[in-house]
Every structure is written in C-alpha cells, then in structure tokens.
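With the sequence shown counted from 1, adding 25 to any position gets you this note's numbering. No residue lacks a Cβ here, since even glycine has one placed at the ideal position from N, Cα and C. Okay, structure first, notes after.
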Amino acid sequence: MDRSWLRQSVLPFLLLAYPLTFLFFQGGQFCQPLCFEPTAVGVTTLLSGLLVLMLVAGALGTRFRFNERGDTHRIVRWLGSPSLLAGGILVGVFVGFVGFLALDTLSLYEAVWKPIVLPFSFLLFLPVWVLYMASFPLAVLFSVAGIESSPLVTVVFRGVVVFIGFPLSAGVQTLFVSVVVERLQSEAID
C-alpha cells in the first residue's frame, strides 16, 4: 500500500494545526465562537476541527506531490515526506502539545507539569519564543517614544507570533526529527 500521501501530509497538518489549536485554547476573545470549553461539546469541537485539518492536509499532501526518490534534495525530502516513524513522532509531539494546552486551560496540576514542560517548550517552539521575546524591546521602544500601544498593535503582533512562529517551529521540528530518524535508521542497517 502506497503511504506517501500520508507522509506528505504531516508537515501541512502541523503547519495548520499548531497555530489554530493554540488559538482554540489560548485565544481569549480572538477565538470566538470556537474557544475550548471543558465539556463534551468542546472536546467534540476540538476533535472535529483536527479531523478537518487532517483532511485539508491530506488534500494538500496529494495535490502537491513530489518525487521522493530521484533528484529531490534531501532537505526537501526530509520536510516534505518524513518517514512514517518521524511522522509518528511529530504527531505524538503535537498530541502532547494539545494535552498540555488542555491542562493549562483547565489549570490542572500546574505545579507538577509546568516546571517540566516549559523548558521543553523553549526547545520545541524556539521561533515562537524568540518572536514573543522580541515584543519586550518593542514595548520599551514604544514607551520611550511615548507611543501608546493600541489593542490593534497587540493583535497584529500576536498574529505574527502565532502564525509565523508556530509554522517555523513545525518546520524545524520536522527537519530535525526526519534527520535524526534517518541517521538512526541508517546506523541500524549498517
């Protein structure tokens, strides 16, 4: 059975799912009417939204196919068609991301898991954190210049952090995991 469509839909899924899931859980007034609520309806909305994203990613994966062998550059192959093991690891990381967002939204056991998860989030989502940390010097510059930061500036900057940072993080994760899995598999064969 040809599973190349499945492998080629991993990155499109992550590019769509990370920012939209983050907004679903943490969006505040920006996610209405689809904010997460810890009810059966909220869980159903989350799962159906992820299913729709999977279908869209599958369609993108089949629409923009490329030759996995042949002249394709390794970086393009690692990003565009990670192995099934690498794809499974990446989807597992995403499931953990959703789980921890749910725990954070529900404020459950924060003293237990936040000290462990926060350092990992710096590694997994470095572009998000870099863009987020860039907001502090910008806020200082605005205040020194006497410019009052409007809610629109906050929304725009948050959009940049979420819709650029998370896709960059997904790309870096996909590249890193694909390279490591390929190296480990090639060493296991030798």
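| Asked | Found |
| --- | --- |
| Mind reading off the beta-carbon distance from S132 to R32? Whole number of angstroms is fine, and I expect it under 8 Å. | Not confirmed; about 37 Å, so no contact. |
| Quick check: the segment 153 to 173 against the segment 115 to 135, are at least 3 beta-carbon pairs closer than 8 Å? | no |
| With DSSP run on the structure shown, which of helix, strand or coil describes Y43? | helix |
| Rounded to whole angstroms, what's the CA-CA distance from F125 to A164? Just pull it up for me. | 29 Å |
| Nearest-angstrom Cα distance between R297 and I172? | Only positions 26 to 215 of the chain appear in this structure, which leaves residue 297 out of reach. |
| Identify every run of the alpha helix (DSSP H) within the segment 159 to 200, keeping only runs that are complete inside it and at least 4 residues long; order them along the chain. | 160 to 169 and 176 to 185 |
| What span of residues does the alpha helix (DSSP H) with T130 cover, start to end? | L109 to L131 |
| Taking three-plus beta-carbon pairs below 8 Å as touching, is the segment 132 to 147 in contact with the segment 99 to 115? | no |
| Rounded to the nearest angstrom, what separates F49 and F188 at their Cα positions? | 13 Å |
| Can you name, in chain order, every residue of its own chain whose Cβ lies under 6 Å from the Cβ of P270, other than the five neighbours on each side? | Absent from the structure is residue 270, since the part of the chain shown begins at 26 and ends at 215. |
| Using the Cβ count rule (16 or more neighbours within 10 Å means buried), how would you classify T179? | exposed |
| Should I214 be labelled buried (16 or more other beta-carbon atoms within 10 Å of its own) or exposed? | exposed |
| For L36 and K139, I'd like the C-alpha separation in whole angstroms. | 27 Å |
| Please report how far the alpha carbon of L80 lies from the alpha carbon of S146, in whole angstroms. | 27 Å |
| In three-state DSSP terms, what is E135? | helix |
| Taking L75 as the reference, give the member of V116, G190 and V202 with the closest Cα. | V116 |
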